[in-house]
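A.B. asks: Residue numbers (my numbering), protein chains in the order written: chain A, 94 to 453; chain B, 94 to 453; chain C, 94 to 453; chain D, 94 to 453. Positions of the beta carbon are idealized from the N, C-alpha and C atoms, including for glycine.
Number of protein chains: 4
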Amino acid sequence: MSSQFGQAFRISTWGESHGGGVGVVIDGCPPRLELSEADIQRDLDRRRPGQSEIVTPRDEADQCRILSGVFQGQTLGTPICVAVMNKDARPESYREMETAYRPSHADYTYQAKYGIRNWQGGGRASARETIGRVAAAAVAKKALTQLAPGLEIVAYVKTIHEIKAYVNPETVTMEEVESNIVRCPDPAKAQEMIDFIKQVRSEGDSVGGTIECVIRGTPAGWGEPVFDKIEADLAKAMMSLPATKGFEVGSGFAGTRLRGSEHNDAFVMESGKVRTRTNLSGGIQGGITNGEPIFLRIAFKPTATIFKPQETVTVTGEATELQARGRHDPCVLPRAVPMVEAMAALVLVDHALRQRGQVG
Amino acid sequence: MSSQFGQAFRISTWGESHGGGVGVVIDGCPPRLELSEADIQRDLDRRRPGQSEIVTPRDEADQCRILSGVFQGQTLGTPICVAVMNKDARPESYREMETAYRPSHADYTYQAKYGIRNWQGGGRASARETIGRVAAAAVAKKALTQLAPGLEIVAYVKTIHEIKAYVNPETVTMEEVESNIVRCPDPAKAQEMIDFIKQVRSEGDSVGGTIECVIRGTPAGWGEPVFDKIEADLAKAMMSLPATKGFEVGSGFAGTRLRGSEHNDAFVMESGKVRTRTNLSGGIQGGITNGEPIFLRIAFKPTATIFKPQETVTVTGEATELQARGRHDPCVLPRAVPMVEAMAALVLVDHALRQRGQVG
Amino acid sequence: MSSQFGQAFRISTWGESHGGGVGVVIDGCPPRLELSEADIQRDLDRRRPGQSEIVTPRDEADQCRILSGVFQGQTLGTPICVAVMNKDARPESYREMETAYRPSHADYTYQAKYGIRNWQGGGRASARETIGRVAAAAVAKKALTQLAPGLEIVAYVKTIHEIKAYVNPETVTMEEVESNIVRCPDPAKAQEMIDFIKQVRSEGDSVGGTIECVIRGTPAGWGEPVFDKIEADLAKAMMSLPATKGFEVGSGFAGTRLRGSEHNDAFVMESGKVRTRTNLSGGIQGGITNGEPIFLRIAFKPTATIFKPQETVTVTGEATELQARGRHDPCVLPRAVPMVEAMAALVLVDHALRQRGQVG
Amino acid sequence: MSSQFGQAFRISTWGESHGGGVGVVIDGCPPRLELSEADIQRDLDRRRPGQSEIVTPRDEADQCRILSGVFQGQTLGTPICVAVMNKDARPESYREMETAYRPSHADYTYQAKYGIRNWQGGGRASARETIGRVAAAAVAKKALTQLAPGLEIVAYVKTIHEIKAYVNPETVTMEEVESNIVRCPDPAKAQEMIDFIKQVRSEGDSVGGTIECVIRGTPAGWGEPVFDKIEADLAKAMMSLPATKGFEVGSGFAGTRLRGSEHNDAFVMESGKVRTRTNLSGGIQGGITNGEPIFLRIAFKPTATIFKPQETVTVTGEATELQARGRHDPCVLPRAVPMVEAMAALVLVDHALRQRGQVG
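1. Nearest CA to the CA of V458(C): which residue from G108(C), G348(C), T264(C), A283(C)?
2. To the nearest angstrom, how far is it from the Cα of E130(C) to the Cα of D132(B)?
3. At 3 residues or longer, and completely inside the stretch 301 to 327 of chain C: list those beta strand (DSSP E) runs for me, N to C.
4. Checking contacts by CB at 8 Å: is M332(A) closer than that to chain B?
5. Could you work out which residue in T396(A), A231(A), E404(A) is closest to H254(A) when comparing CA atoms only?
6. Exposed or buried, what is P150(A) when buried is set at 16 or more other beta-carbons lying within 10 Å of its beta-carbon?
7. Below 7 Å CB to CB, which residues in the same chain sit around R141(C) once its five sequence neighbours on both sides are set aside?
8. Between which two residues does the beta strand (DSSP E) containing E245(C) stretch?
9. Can a CB atom of chain A be found closer than 8 Å to the CB of I101(C)?
10. Rank G384(D), L389(D), A412(D) by C-alpha distance to the C-alpha of T369(C) and give the top, closest one.
11. Going along chain A in order, which residues have a C-beta closer than 7 Å to the C-beta of Q167(D)?
12. For the stretch 429 to 447 of chain D, which residues have a beta carbon sitting closer than 9 Å to at least one beta carbon of chain C?
13. Just to confirm my understanding: we take L334(A), look at its own chain, exclude 5 residues before and 5 after, and list those with CB closer than 6 Å. What are they?
14. If you measure between the beta carbons of Y194(B) and Q213(B), is that distance less than 8 Å?
15. Go through its chain and collect everything with a Cβ distance to G450(A)'s Cβ below 7 Å, but skip five positions before and after it.
16. Report yes if the C-beta distance between G310(A) and I381(A) is below 8 Å; otherwise report no.
17. Counting only beta-carbon separations shorter than 8 Å, does G143(A) have a partner in chain C?
18. In chain order, what residues of the same chain lie with their CB nearer than 7 Å to the CB of G345(A), ignoring the 5 residues before and after it?
19. How close, in whole Å, do the beta carbons of V440(C) and A330(C) come, if the pair is a contact with beta carbons under 8 Å?
20. Using three-state DSSP, classify S272(D) as helix, strand or coil.
21. Of the residues that make up the stretch 183 to 204 of chain D, which ones have a beta carbon closer than 9 Å to any beta carbon in chain A?
22. State the beta-bridge partners of W107(D) as determined by DSSP.
23. In chain order, what residues of the stretch 414 to 428 of chain A put their CB closer than 7 Å to some CB of chain D?
24. Please name the residue in D422(B), Y249(B), I399(B) whose C-alpha comes closest to that of N273(B).
25. Which of the residues in the stretch 267 to 290 of chain D, read from start to end, lie with their CB under 7 Å from any CB of chain B?
26. If distances are taken between C-alpha atoms only, which option among S145(B), G216(B), V175(B), P124(B) comes closest to T168(C)?
27. So what does DSSP say about R420(A), is it helix, strand or coil?
28. Considering only residues of the same chain and omitting the five flanking positions on each side of F320(D), which have a CB-CB separation below 8 Å?
29. So if I threshold CB-CB distances at 7 Å, which residues from the stretch 290 to 323 of chain D count as touching chain C?
30. Going by other Cβ atoms of all chains shown within 10 Å of its Cβ, with 16 needed for buried, is M362(A) buried or exposed?
31. From the beta carbon of E255(C), is the nearest beta carbon of chain D less than 8 Å away?
32. Quick one, which residues of the stretch 120 to 133 of chain D are near chain B if we go by CB-CB under 7 Å, in chain order?
33. The alpha helix (DSSP H) that contains L439(D), what's its start and end?
34. Pull up the distance between the alpha-carbon of E127(C) and that of V260(A), whole angstroms please.
35. Look up T413(D) in the DSSP assignment and say whether it is helix, strand or coil.
36. Where does A281(C) land, buried or exposed, given buried means 16+ other C-beta within 10 angstroms?
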């Protein structure tokens, strides 16, 4: 059950980077949503390689096909299978991976776990696996449009290494995010980030950063304590993405440096609605949304693949040295932005349906 | 399904702070483990109120009873129900909560979600809920002793507000943690923390901090990509605890400021075993343990209950002011240490059994 | 996960016949249902031993207590724990079971599975386990009253050994069922059955039969193909009850002797509603309710406990002979009627909530 | 979650009869099993249309493709996706189904449930859906070969209408079953059945029957009481197949006519192993296998599609008449034999892995 996510809107992803293809099956999608392959392709294009000069130059079209669950342009309520066939890649690029473990990749752990691994391009541990998530999330967003009209999910690059953008999460738009190739809505910092990523790449190195995600317009009442608190599910969702090392909601780690009298969000009435004067809670209290914006920050480590020689061991336990060849992302964050958005959408739609199921 | 956790070792917790009692049902526990109420009580005593001068003075014995699943001192493989009956508390202390929402508590969100709430003492949102988790984890630890002899889970207070302890996670012991009432294994900083908590309490305020948790001795191969990666399940586990706002594994947010060449953990052979020279991965690669120690850090916000007047609204939407009365923790961290340990144990036992099921 | 049932309205039962007690935790119950211990006790009393002269004379009050999830007489939406404490029984009655396996009981298989068993009174395999199911179903029925007003579940004894009752399932009422101690709404046959059961008991033997269950008033649209078809979940529910050996829906096994032209249910309009002229489908088509009454029949084998010497083996593999002592049911069917009803209610409420979740 | 089956070996099927294709994703398969498309194709060919003169003459090759989870001929432990693309069918054959509900089909109930349906060829309710199940079961059988060497599952047609075969379930082989097109291992009765099916078809009518399934060679100890008893999971598995109306295990409904003294299976030692002298329990006691052969019988109703005019209503509620055209099975049983086998294999592998997970 390792490759399933969600309770009510449950997705099952499948596929290795080098094999027949990758995809997803969605079970529990509400019926009668308008859905086309173009709806899904739009988001897949935002995560695909080759889309800009700061991501891997590998050129994969990642063309999706809906194989089931849709009839005459509408969802049927039955399982939706979306597949992206793999194009034949360059397996020869990966020969060294057959015999040695790449540092800080999953080669060794997959071998230790299963006693076998698809060593071509990372196999199941490749970020190519996230195609299924992004495809499913495109469907989730369609459902959310009906379940919570006005709900918006906007993710963006907040920091790259030491470069930090200034962004107003109350107002930031996806258009601003998409206005540059690093997906940072602070234009000046975006340019700095782009230049820095290029420089790091030219040095054969890689770099990480943080993505912030804001969710505006959720109704109060989503979240299933005590274990499926909405921040717990969001944390799991984000920490299941490749390369993530940290997760924060609301005040996050910085909130540990405040006193209760500074941190508490006073309640006030506003246009007949219960609101909070501040929002250090980040839109969630007791694991349930309170209607205020939800703020998340996710830490992504620098890409493990670098073009410098690295010390490692072979599958038979001998010391050796590896140096990456081929085409890789010097920084995963620009392509991770739609992945973060996708995981947020999958959590939200699941909780929306669960709430409707139990409470009506 | 909000109150269930785990796939193979599945727990179902139940209970409000003021009601018949609280407890847990464990389904899927391996048979023939030695288990007594004393085994469970030991951990419950570490999380109970009234245990020291820096936690709430409320005096609850929290005496547990095993109602099923154990016969002649051994687990049967059938569901284990552990219950702690509530003693009659002081409902009159909570009268104001019936009519107004406490800031940064779950009063408003529970009402918004369910249209009803048990307003006595926080109900299901009370930290009293964690008794079931800690009880279940005492059983999980028994199972882990067999499944992974030598495995150790040690959690401790790493920071309180701005005070930061120096701790060597490779060697820290539970004895060091338990040697003082704040559960910080750096004695000098522990004293500072205790003094600071007392001062904050005297001001009617509260304070937060971070807990670090180290897991030593896991075999390589635990974790279920792509969604049930072990760090994803740990993140969910920790973020489901009351008052948590952030989670890190390995290098965490600080890792975003390193380059790949600095962050990657070189593989080396050591006594015939694959090891890593550094451990910025924090013992997990591709969502699967690699046998190195796992490091986690969890952010806890300052307790929402403070003894200062706060602005809020009534259930009928009128502005009002609330000031806590009664007995409360000025800082949740000392009592949260066994909760963090508990959640780690629950994740580990679940993954151990899942790995055994699929791979043998 | 052996002791959990349901997806949206999920119950976790616990308890052995001789131990602290038995009970259930319900997760996912809709909030704001009126619920009292008396509501639950009513159904528990219908399944308890000692209720009539044809069931076991063991006198257990089976008094339930709601430990959580209810506040001021209403469900909270949080887990509801219901417990029935065991009174100290006569363990000495079971000494022989420690050393030998009772034929057609679960003694041997539990030992083979877990390497341990609670040999006192059947342990987890005792029908006492069904207390948790019946208690949960009392809550389920409360929810169904809101989710599908007018829905009725009526179960009754249809056959005992060769004695077959004549019952009109379209009109039979629970009052008719409860009018006699064998729970058969055909008064003449009921008396025959009672006399026969008494005679069989006097011979130290036991007897089985079939229970029919009719569900009237479901809306069209419940059931989750392709695996959680409503008849599939009903089959699982019934076949999980102790002593069941067969399950039928609609035309059942007899339907295999008809041709398609005889078996098909023609559609007709009736008061603006789609109805079927006949109902050999038994209210279900393609795994989904069509609004017509659902008919089920469940086969119960004769009670395994008999007062005659039987050939068996000891736990150490030696041939021996066993003869039951103590107090037992000569026929489980009268007490199984509320169990069948209970399992039907649990399936229906789960599907009602799932349908509401996905489709609204 | 309607299209998922299994806990540890979990399958997710997808696909409509007329759409992109049908298939399955298997999550939790043990790694390092030899697996090829030919292994799967063998079973798919046994369920495909057009295979003999007594099934539908529709000629679909149903060629499968493994899209993930297998590398160099071995399972990886990652999700296995198997797909069969649909060839373009004759949608014009189904035009009438757009506007009217076929009697005893799922047209009306799907519409009532989802407010939409794929009316081409039955959509998700078509037996074509079982391709995913049969494909997954081919993988399950590979796993069972390792988990329980010697385990055998043999299903066969036991009755067609009033014609009943004589079969010894202790010794019947798959070769005997496959020796004729009706899949009945009693050659004389098989011929009678074939002749009868042809006659019924020539009359434009259809016919049902029962399939018996015997499972030999399970170890003692599989099954997860109290809800996931192995007969409960088998019942659900079988009752989720299209056209099933009844399920029996062991003595079944006939067992209700025996007394306890006749029905109980005495234990005896045989070659150092606990055996039963008789096997009315059908290999299962208390929901757990006892090592004796498991016997199941499943009732299949006559095919709903018949070539006679039938009374029905249109989607707008007007009375009309329908008469099937095109190519259909006059009797589903020959093609249902591999489906029954498949469902048995899926239940067994799931329980084998669950038992290994919990007990080791």
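C.D. replies: Reading from the atomic positions:
1. Outside the shown range of chain C, which is 94 to 453, sits residue 458(C), and nothing can be said about it.
2. 33 Å
3. 302 to 309
4. yes
5. T396(A)
6. exposed
7. E153, D155
8. 245 to 253
9. Rather than Ile, the amino acid found at residue 101(C) in this sequence is Ala. Yes, A101(C) lies at the interface with chain A (some Cβ there is under 8 Å from its Cβ).
10. A412(D)
11. I209
12. R447
13. M432
14. no
15. A101
16. no
17. no
18. R390
19. 5 Å
20. coil
21. Y203
22. G116(D)
23. none
24. Y249(B)
25. none
26. G216(B)
27. coil
28. none
29. V293, D298, S299, V300, G301, G302, T303, A313, G314, E317, P318, V319, F320, D321, K322
30. exposed
31. yes
32. G121, P123, P124
33. 426 to 452
34. 49 Å
35. strand
36. exposed
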